[in-house]
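Please read the structure below before turning to the comments.
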Amino acid sequence: MSFVLGRLGQTVLVLLVAAFVSFSLFRYVGDPVNNMVGQSASLAEREAMRTALGLDDAFVLQFARFVGNALTGDFGMSYRFGQPVATLIAERFPATLELALISMLIATGVGVPLGVWTALHRDHWLSQALMAASLIGVALPTFLIGIALILFFSVWLGWLPSFGRGQVVEIGGWSTGLLTTSGLRALVLPAVTLGVFQLALILRLARAEMLEVMRADFIRFARARGLKPRAIQYRHALRNTLVPVVTMIGLQFGNVFAFSIIVETVFQWPGLGLLVIQAIQFADVPLLAAYLVLIALCFAVINLAVDLAYVAIDPRVRSGGGVRGTV
Amino acid sequence: MSALLKVEGLRVEIARRGRVMTAIDDVSFEIAAGEILGVVGESGAGKSVTGTAVLGLLERPAFQAAGRILFDGRRIDTLDEDAMRALRGREIAAVFQDPLTSLDPLMTIGDQLTETIRTHLDLTQAEAVERAARLLAEVGIPAPRERLASYPHEMSGGMRQRVVLALAFSCEPRLIIADEPTTALDVSIQAQILDLLRAMCRERGTAVMLVTHDMGVIAEVADRVAVMYAGRLVEVGPTQSLLAEAAHPYTRGLMGSIPDMHRRDVELAQIPGSMPRPDAPVPGCAFHPRCGQALPRCAVERPLTFTAGASEVACWLADPAARSAA
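Here is the structure:
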């Protein structure tokens, strides 16, 4: 329990630092006033705008106001859209989160079993074919995979939609595409595109870890105890490969958010990625700052989940000892 | 007396990058029921490989190229994996060198004990737990019932090796392959573990193949000793007579390298040179380049096995024909 509380404290600290960095960094990325007023605006008009936006106040004061407002869910108004940032993000976030979660689910659900299988059947032709394929999966750029999938499944076969999110259902302010057929169909290609790289990575790591563990003394001793191969492979070997694999999955979640910008562009997926690209072009500080804080929050939550997973998997963490494979 | 374990002409080869090396060459020995056979030699002499072969756990690139292994009169080296697995842990158990790495770190020792017991014996979970607690008590672990819920990392190295012993004895095997069971432990703990191993074996009539490089360990517990050198057996005999008068020059060299606390002024004897590696075999007797008494034929002819006193020794010096000629 104290472990969890300590982790929560760290999480809050991390979020504050992330908020500070994002806020202070973007304060110096271009002058939003320049973008908001026309070229012909006078200096007085610019000053008036600056004051109205609170950009004149001391830096610390601006940051304190930013954090205070953020706690109430208020990230200010977007310079570009003239709407509350919170509303803009709330509209787009579900799409990105669903995309990221489903693609990670595919990557883990397929990657781990395949990795284990290839480790246990090293000389099988299929295992070697999978390893070769996983190299391609790691090497191919995401946008290329997306375009290839669109060409194949949308243009040639006409099976799946090539863009958009399909029909969505509102549940308590959360718009989900997971409950309608068209929503699910629209999710397949982007989720696979986003997941291919992660799948290949997880497959290779799971295989390497499994091979490593299968050479361990306690596996040899388990064989000397006469245990059945299934018990050795799954009860002993697989569990011992899980800690590094879970670590990796946690870390990769961040990359999934990053790559989702590309995937959302390719598939015109109405998520945060598209919004952020526009915000970057426009130096839309409130939107960008809020986006970064949100991403930091996602990271923090995922890391917390990863830590809790360690506790569930490895008794050495429970008793406060070190754990193998933490990064 | 029929032997419990009989190894005949065992040859283990290692095939690596198209080259075949011989790790074990024509090794034959027996272990009687309830007997403790010490297998001694330098690292790389093939002691562990021999134990691994008996357990049927040789892994690529190593494989058994010739010979037979009989357990209780039944040939076991040709058994399929399922039949061999049923034997391992049940009839032939193992204790490995490092107790810190022999146990699964993510599973309680109780679960590791009961899974072994229930794999081999037809017991309910409750009966298996009962048996596991009794085993822990027997290997000298305090509060055994509570300890069942402990994880390996919560115990010291000595305690963990006791757990490993409990695992080895869990299904009352008739033979235990103990591969350097005390090497990784503190000296003070080593004696405790050895005493425990010997006591439990004597009580149950369990035979042991005790692999070690430590002559002191052999002197302590073994009934008979088999000395290995470069993948071959060079001398086999009862511990007392072998310690008193070793017939093979290599065995004598090994004896000379045991430190004697009471004679600090005497410099420790060494055997000059090093053991030939499997990838560079030596013709004739593998020990002749390091042997002070080598005869011309030692470099050419591989020695036959002769009887010298109570021992069997593979050395031309022990050839009665040579001795009578001299």
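Chains as they are written, first to last, in numbering that gives the first Met the number 0: chain X, 0 to 326; chain A, 0 to 325. Don't be surprised by glycine CBs; every beta carbon is placed ideally from N, CA and C. Please read these numbers as outputs of a predicted model, since none were measured by experiment.
Considering Cα atoms alone, identify which of X:189, X:113 and X:212 is closest to residue 102 of chain X. Looking at the Cα atoms, X:189 is the closest of the given residues.
Mind checking the stretch 44-74 of chain A against chain X and listing, in chain order, the residues whose C-beta falls within less than 7 Å of any C-beta there? 54 and 56
Interface flag, residue 313 of chain X vs chain A, CB-CB below 9 Å: Residue 313 of chain X counts as touching chain A.
Rounded distance between the beta-carbons of residue 149 of chain X and residue 161 of chain X, thought under 8 Å: Sure, about 5 Å apart at Cβ, within 8 Å.
Quick one: list the residues of chain X neighbouring residue 104 of chain A, beta-carbon separation under 8 Å, in chain order. 217, 239, 313, 314 and 315
If the cut-off is 7 Å on Cβ atoms, which residues from the stretch 218-230 of chain A count as contacting chain X, listed in chain order? For the stretch 218-230 of chain A, no residue has a beta-carbon sitting nearer than 7 Å to a beta-carbon of chain X.
Out of curiosity, what's the CA-to-CA distance linking residue 168 of chain X and residue 180 of chain X? One C-alpha to the other measures close to 11 Å.
Would you mind working out which of X:286, X:253 and X:268 sits nearest residue 344 of chain X, comparing C-alpha positions? A question about residue 344 of chain X goes unanswered here, because the residues of chain X that appear run from 0 up to 326.
In the DSSP assignment, find the alpha helix (DSSP H) that holds residue 46 of chain A and state where it starts and stops. DSSP places residue 46 of chain A in the uninterrupted alpha helix (DSSP H) bounded by 46-54.
Counting only Cβ pairs nearer than 8 Å, list the residues of chain X close to residue 22 of chain A. Those do not exist, as residue 22 of chain A stays about 17 Å from chain X at its closest Cβ, beyond 8 Å.
Would you say the stretch 77-95 of chain X touches the stretch 277-288 of chain X, given that touching needs at least three Cβ pairs under 8 Å? yes
Nearest-angstrom Cα distance between residue 306 of chain X and residue 238 of chain X? Their backbone Cα atoms lie some 16 Å apart in a straight line.
Per-residue burial, residue 320 of chain X [other beta carbons within 10 Å of its own, 16 or more giving buried]: Here the model assigns residue 320 of chain X a pLDDT of 47, short of 50, so the residue's position is not dependable and the matter cannot be decided.
Taking 9 Å as the threshold (C-beta atoms), are residue 249 of chain X and residue 259 of chain X in contact? Not in contact: residue 259 of chain X and residue 249 of chain X (Cβ atoms no closer than 9 Å).
With a Cβ-Cβ cutoff of 9 Å, do residue 23 of chain A and residue 48 of chain A count as a contact? Cβ atoms of residue 23 of chain A and residue 48 of chain A: closer than 9 Å.
Unbroken alpha helix (DSSP H) run spanning residue 289 of chain A, endpoints: Counting along the chain, residue 289 of chain A falls outside any alpha helix (DSSP H), and DSSP gives it neither H nor E.
Nearest to residue 96 of chain A (by Cα), restricted to the options A:171, A:3, A:164 and A:116: Of the residues A:171, A:3, A:164 and A:116, the one whose Cα lies closest to the Cα of residue 96 of chain A is A:164.
Shortest alpha-carbon distance to residue 110 of chain A belongs to which of A:91, A:144, A:77 and A:89? Residue 110 of chain A has its Cα closest to that of A:144, out of A:91, A:144, A:77 and A:89.
For residue 88 of chain A and chain X, any beta-carbon pair shorter than 9 Å? yes
Give the residues from the stretch 195-220 of chain X that approach chain A closer than 8 Å (Cβ to any Cβ), ordered along the chain. 215, 216, 217, 219 and 220
Residues of its chain near residue 178 of chain X, where Cβ-Cβ distance is below 6 Å and the 5 sequence neighbours each way are ignored: 168
If you follow the alpha helix (DSSP H) that residue 63 of chain A is in, where does it begin and where does it stop? Unbroken run through residue 63 of chain A is the beta strand (DSSP E), 61-70; no alpha helix (DSSP H).
Residue 34 of chain A burial status per 10 Å Cβ neighbour count (16 or more: buried): buried
Would you tell me roughly how many angstroms separate the C-alpha atoms of residue 95 of chain X and residue 88 of chain A, rounded to the nearest one? 53 Å
With 9 Å as the threshold, decide whether the Cβ of residue 226 of chain X is near any Cβ in chain A. yes
Who are the neighbours of residue 230 of chain X on chain A, taking C-beta pairs under 9 Å? 114 and 118
If we count Cβ pairs, one from each stretch, closer than 8 Å, do we get three or more for the stretch 101-119 of chain A versus the stretch 141-155 of chain A? yes
Give the DSSP-derived three-state secondary structure of residue 321 of chain X in the structure shown. At residue 321 of chain X, the pLDDT of 44 sits below 50, so the modelled position is not reliable; the number obtained from the coordinates is stated separately. Residue 321 of chain X falls in the coil class under three-state DSSP.
Against chain A, does residue 223 of chain X count as a neighbour if the rule is that its beta carbon must be under 9 Å from one of theirs? yes
Span separating the alpha-carbon of residue 10 of chain X from that of residue 195 of chain X: Taking the CA atoms as reference points, residue 10 of chain X sits about 30 Å from residue 195 of chain X.
Indicate whether at least one CB of chain X lies closer than 9 Å to the CB of residue 142 of chain A. no
Suppose you measure from the CA of residue 316 of chain X to the CA of residue 212 of chain A; what does that come to, to the nearest Å? 37 Å
Specify the secondary structure class of residue 21 of chain A as computed by DSSP and reduced to three states. Three-state result, residue 21 of chain A: strand.
Where does residue 337 of chain A sit, in a helix, a strand or coil, going by DSSP? Since the first and last residues shown for chain A are 0 and 325, residue 337 of chain A lies out of range.
With residue 329 of chain X as the anchor, note down where its beta strand (DSSP E) starts and where it stops. Past the boundaries of the shown model lies residue 329 of chain X; chain X is included only from 0 to 326, so the question cannot be answered.
Residue 143 of chain A by DSSP, collapsed to three states: which one? Residue 143 of chain A carries a helical assignment under DSSP once its states are collapsed to helix, strand and coil.
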